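*Asks:* Residue numbers (full-length UniProt numbering), protein chains in the order written: chain A, 1 to 448; chain B, 1 to 401.
Submitted below is the structure of interest, expressed as structure tokens.
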Amino acid sequence: MSNSNLTRRGLMKTSALAGAGLALPTIFTASSASAFTNEPTGGTVTLGFNVPQSGPYADEGADELRAYQLAVEHLNGGGDGGMMNTFSSKVLQGGGILGKKVEFVTGDTQTKSDAARASAKSMIEKDGAIMITGGSSSGVAVAVQGLCQEAGVIFMAGLTHSNDTTGKDKKANGFRHFFNAYMSAAALAPVLQKLYGSERKAYHLTADYTWGWTQEESIAAATEAMGWETVNKVRTPLAATDFSSYIAPVLNSGADVLVLNHYGGNMVNSLTNAVQFGLREKQVNGKNFEIVVPLYSRLMARGAGENVKGIHGSTNWHWSLQDDASKAFVKSFGEKYGFPPSQAAHTVYCQTLLYADAVMRAGSFNPCAVVEALEGFEFDGLGNGKTLYRADDHQCFKDVLVVRGKENPTSEFDLLEVVEVTPAAQVTYPADHPMFAGGALGNCNPGA
Amino acid sequence: MLGLNKKDLSLLLIVAFLALCAPFILNPFPSDSSLAQFNAGYPDLMQRFVIFGIFAIGFNILFGLTGYLSFGHAAFLGVGSYSAVWMFKLLSMNVVPAIVLSVIVAGLFSVVIGFVSLRRSGIYFSILTLAFAQMSFNLAYSVLTPITNGETGLQLTLDDPRILGASRTESGGIPVTNFFGLDMRDTYEMVVGPWAFQFNNGYYLCAILMLISFYLAIRIFRSPFGMMLRAIKSNNTRMTYTGLNARPYTLAAFVISGMYAGLAGGLLASMDPLAGAERMQWTASGEVVLMTILGGAGTLIGPVLGAGFIKYFENIFSKINDGVLHTWFGFMPDGLEDLVVTLVHPFVGKGWHLTLGLVFMLVVIFLPGGLVEGGQRIGRLFRRKKSGDEAKKSTQSTPAE
């Protein structure tokens, strides 16, 4: 560039650019000094609802979103108040949170850790969300929980059942209301013993990823402790849709119980295949062949249709429960949407109320104050009986439901019946249990 | 200057201007207006724009120049991410060793995959790369869980060794990624009236690396090597008959684009230290193909535009829910408002895939050259008017009848 022509226009352009460049550093000093990330300053506070709206768990995600909208309505004083009226803590009066009107933003996790984190980040960075909640799989929950810990906001987990979420991947800023694989196994084992005896041979089919493994480990340990023998554990790829080739070997293995450590579409397909192969009519070792599905949900039961009849599993909550809190929740959800809520809807509704309540009791949105208010918090009236948010791992301890596929469903929602309510004491484990070892909460992080 | 001709230089300068002023350009609406929904000027999305821009630039070197359609490029992105996170876990939180390692590992990986896949061309090559990528994804998802942490994704923990740095900060948290002490997460917020512009360290690191990658891509496009790659695209058989062995050239292009993908993966992990297996899934590989075609395959700036376009849809349109729609159309009478919201509803929020698909179809049908062709057509429209006027003046005496 030897032919540089100095023109009036060029000079003005250059000097304008240079001026802007020189002015740039001075504006950087204007960075605001807030005490924690996204401190709400106006008359509103923003919550981030990060749920799967596409992908395999889109049904659960849609139901979670409905429950979140209901919770926000109740927090802002709309509707009939739902479980706010039955909740043992009475600081929530329908006037928002600390006098600020609750607003929300939504995002799509796509059931992928990457997309979920991107969506959560945009909520934190762009929309100024003070709390992120949601998710319908453990991988996403663990990933977003890690992000919230780093960014300095609270994460209230949605539907996540893996032991790791409050086990080796637990974080100080993350909380889980939902139960976990260990609790499922601990609740289910005594019921299975009562029904099927203590001399059984179990065959496991397990979805080949983190949740499947912890589920398999938990249920195998619990059943072996009561005398069952584990014949074989077979891992199935997550993307599998046809399980016939996995079911056939079960018939010749000498096993008389099949445990399906599958969730969602996987479980629907594997159970259907198993029933088609006539496993349920079989007699092995002089006993009826049985099938067990450790984690049940109504949405799954609907997918599997007729095949779920008489099959046992565990669930976090079911709309047919007859306590006041559950009835109040089912009523306000049903009036707004026309059908009863799923367990995913229930857990996220509770999480939203619990967060709001903790902020009210702490008197501040500061994540560290909220963590302190939630740790060791004992409450009742949210549909699961007396519940404890344990300080050691931020896991809720409450009763677990053992359910069975109903023989004569009266409607398309009335698919499961509660067999037993296992008391919280029976599913409680020490915080340093080997299945949960290897992680550390660390310190709460208020961010900025 | 810089060994570029005037046209390329001005293109590079335009891209540099866009990249460096992105916080202003992407935040045109005041943050309290109802259109603020469309602002994209927040750090995470800006980082994604430029990182996927790098990914698409690299992919375009292979696809745009040689015509070899790789359907497994996400594998290199994922490998880059995993190696970067391992660097953060073992060595230190400085991003430089992480990025260097991710480029090297992705390069080695692409040598192996390319060596096998490039024995075939056309659809067979695509299928081979797709198979390799799916294999990597499945391995990362389950079998290699000790290395990749499976479904959950590889994350930093408090008890990582980090031999050149600290395992945990003084306040007991996981340290954040930095560039020689400059935290990637730090953001300066500049408040001008109702606008809030965010300047993020990590974004500017990515933007500068993107500009370097872009410059390198221009040089490759204009080099004899690039000419050779174009020759392969136009007629590979004829090249072979002239006695030229094309395979070393295609392999070189494959490895270069694999290293670009590795760089993008390393940067993704540097901005947000997590590597998930989904990054390697075939949908992710398909995404970069879409980006390149949407923007304009074989053009220099096309892939960057395409990447920005897709990421914008994914992050902005997916967040428009019914509540937002109701505030937009609140001025209408109630019945009409509900009707409009119902009509728009399937195209936003969870329906963002649908909108993107429609846009993609329109682009492929009406603008086969991608967004770049659209820009050129508009440009030509204006130019033709001007030159048309001149032509009228000078061609008074050309009656052809």
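The beta carbon of each residue, even a glycine, is placed where N, CA and C say it ideally should be.
Just so you know, these numbers come straight off a predicted model, no measurement behind them.
Starting from G167/A, find everything on chain B with Cβ-Cβ shorter than 8 angstroms and list it in chain order.
*Replies:* In chain order: nothing, as chain B lies at least about 11 angstroms away.
*Asks:* Return the residues of the stretch 35 to 54 of chain B that lie within a Cβ-Cβ distance of less than 8 angstroms from chain A, sorted by chain order.
*Replies:* Hits within the stretch, in order: N39, Y42, P43, D44, L45, R48.
*Asks:* Comparing alpha-carbon positions, which option in L356/B, R247/B, V143/B, E278/B lies nearest T66/B?
*Replies:* The shortest Cα separation from T66/B among L356/B, R247/B, V143/B, E278/B belongs to R247/B.
*Asks:* At 7 angstroms on the CB atoms, spell out the chain B contacts of Y209/A, in chain order.
*Replies:* Under the 7 angstroms cutoff, chain B gives Y141, S142, G150, E151.
*Asks:* Measure the alpha-carbon distance for S10/B versus L290/B and round it to whole angstroms.
*Replies:* Going by the C-alpha atoms only, they are around 26 angstroms apart.
*Asks:* So F76/B packs on A261/B, CB below 8 angstroms; how close in whole Å?
*Replies:* Contact holds; Cβ gap of about 4 angstroms.
*Asks:* Are there 16 or more other CB atoms within 10 angstroms of the CB of M361/B, so buried, or fewer, so exposed?
*Replies:* Exposed is the call here.
*Asks:* When you compare each of H326/B, I220/B, H353/B to T283/B by their alpha carbons, which one comes out closest?
*Replies:* Comparing Cα-Cα distances from T283/B to each of H326/B, I220/B, H353/B, the minimum goes to H353/B.
*Asks:* Quick one: which chain C residues come within Cβ less than 8 angstroms of N445/A?
*Replies:* Here chain C cannot be found, since the structure's protein chains are A and B.
*Asks:* Taking N236/B as part of the alpha helix (DSSP H), name the residues at either end of that continuous run.
*Replies:* 236 to 241 is the extent of the alpha helix (DSSP H) around N236/B.
*Asks:* Quick check on the DSSP output: what are the complete beta strand (DSSP E) runs of length 3 or more inside the stretch 32 to 59 of chain B, in order along the chain?
*Replies:* None, since the stretch 32 to 59 of chain B contains no complete beta strand (DSSP E) of that length.
*Asks:* Using beta carbons (cut-off 8 angstroms, strictly below), is G349/B in contact with chain A?
*Replies:* At least one chain A Cβ lies under 8 angstroms of G349/B.
*Asks:* So is A304/A buried or exposed if we call it buried at 16+ other beta carbons inside 10 Å?
*Replies:* Counting Cβ neighbours within 10 Å, A304/A comes out buried, since at least 16 surround it.
*Asks:* For V102/A, go through chain B and note every residue whose CB falls closer than 7 angstroms to its CB, in chain order.
*Replies:* Near V102/A there are no residues of chain B at all, since even the closest Cβ is about 12 angstroms away, more than 7 angstroms.
*Asks:* In chain order, what residues of the stretch 426 to 444 of chain A put their CB closer than 7 angstroms to some CB of chain B?
*Replies:* The residues in question are A440, G442, N443.
*Asks:* Taking just the CA atoms, how far does E170/B sit from N201/B?
*Replies:* Straight-line Cα distance between these residues: approximately 22 angstroms.
*Asks:* So what's Y312/B in DSSP terms, helix, strand or just coil?
*Replies:* Note: Y312/B maps to helix in three-state DSSP.
*Asks:* Entirely within the stretch 133 to 183 of chain A and at least 3 residues each: give me those beta strand (DSSP E) ranges in chain order.
*Replies:* Complete beta strand (DSSP E) runs here, min 3: 154 to 157, 174 to 176.
*Asks:* For T315/A, tell me which candidate among E199/A, M183/A, H204/A, G99/A has the shortest Cα-Cα distance.
*Replies:* Measuring from the Cα of T315/A, the nearest candidate turns out to be M183/A.
*Asks:* Since R117/A meets chain B, which of its residues come closer than 7 angstroms, beta carbon to beta carbon?
*Replies:* Correct list: D272, L274.
*Asks:* Distance check for S270/A and S31/A, CA to CA, integer angstroms please.
*Replies:* Model confidence at S31/A stands at a pLDDT of 42, short of 50, so the residue's coordinates are unreliable; what they give is reported in the following sentence. In a straight line, the C-alpha of S31/A is about 56 angstroms away from that of S270/A.
*Asks:* Report the start-end ranges of each alpha helix (DSSP H) in the stretch 209 to 292 of chain A that is 4 residues or longer and not cut off at the edges.
*Replies:* Within the stretch 209 to 292 of chain A, the complete alpha helix (DSSP H) runs of at least 4 residues are 210 to 225, 244 to 252, 265 to 276.
*Asks:* Would residue 453/A pass as an interface residue toward chain B - the criterion being a Cβ-Cβ separation below 8 angstroms?
*Replies:* One cannot answer for residue 453/A here, as it falls past the ends of chain A, which runs 1 to 448.
*Asks:* Could you give the DSSP three-state label for S92/B: helix, strand or coil?
*Replies:* Residue state, collapsed to three classes: coil.
*Asks:* Which runs of the beta strand (DSSP E) at least 3 residues long sit entirely within the stretch 27 to 97 of chain A? Give them in chain order.
*Replies:* Within the stretch 27 to 97 of chain A, the complete beta strand (DSSP E) runs of at least 3 residues are 44 to 51.
*Asks:* Reducing DSSP to helix, strand and coil, say where L24/A ends up.
*Replies:* A caution first: L24/A carries a pLDDT of 47, below 50, which makes its placement in the model too unreliable to give a value.
*Asks:* Using a Cβ-Cβ cutoff of 8 angstroms, what residues of the stretch 309 to 321 of chain B are near chain A? List them in chain order.
*Replies:* Residues passing the 8 angstroms Cβ filter: E314, N315, S318, K319, N321.
*Asks:* So, helix, strand or coil for Y296/A, using DSSP?
*Replies:* DSSP places Y296/A in coil when its eight states are reduced to three.
*Asks:* How big is the Cα-Cα spacing for T26/A and A356/A?
*Replies:* Note that T26/A scores 42 on pLDDT, short of 50, meaning its location in the model is unreliable and no value can be drawn from it.
*Asks:* For F28/A, would you say it is in contact with chain B, using Cβ-to-Cβ distances shorter than 8 angstroms as the test?
*Replies:* Here the model assigns F28/A a pLDDT of 41, short of 50, so the residue's position is not dependable, and the following value carries that caveat. At least one chain B Cβ lies under 8 angstroms of F28/A.
*Asks:* Answer yes or no: do Y68/B and T292/B have a C-beta to C-beta separation smaller than 8 angstroms?
*Replies:* No, the pair does not count as a contact, with Cβ atoms beyond the cut-off.
*Asks:* Would you list, in chain order, the members of the stretch 53 to 72 of chain A that have their beta-carbon closer than 9 angstroms to a beta-carbon of chain B?
*Replies:* Of all residues in the stretch 53 to 72 of chain A, Q53, S54, A58, G61, A62, L65, Q69 have a Cβ within less than 9 angstroms of some Cβ in chain B.
*Asks:* Excluding the 5 residues flanking E150/A on each side, which residues of the same chain have their C-beta closer than 8 angstroms to its C-beta?
*Replies:* N445.
*Asks:* With 8 angstroms set as the bound, which would you pick, yes or no: does the beta-carbon of L381/B sit closer than that to a beta-carbon of chain A?
*Replies:* For L381/B, the answer is no, since every Cβ of chain A falls outside 8 angstroms of its Cβ.
*Asks:* Skipping 5 residues on each side, what residues in its chain have a beta carbon closer than 6 angstroms to that of Q145/A?
*Replies:* Cβ within range, chain order: F155, K171, G174.
*Asks:* Checking the sheet assignment: what are the DSSP bridge partners for V102/A?
*Replies:* DSSP output for V102/A lists V45/A as bridge partner(s).
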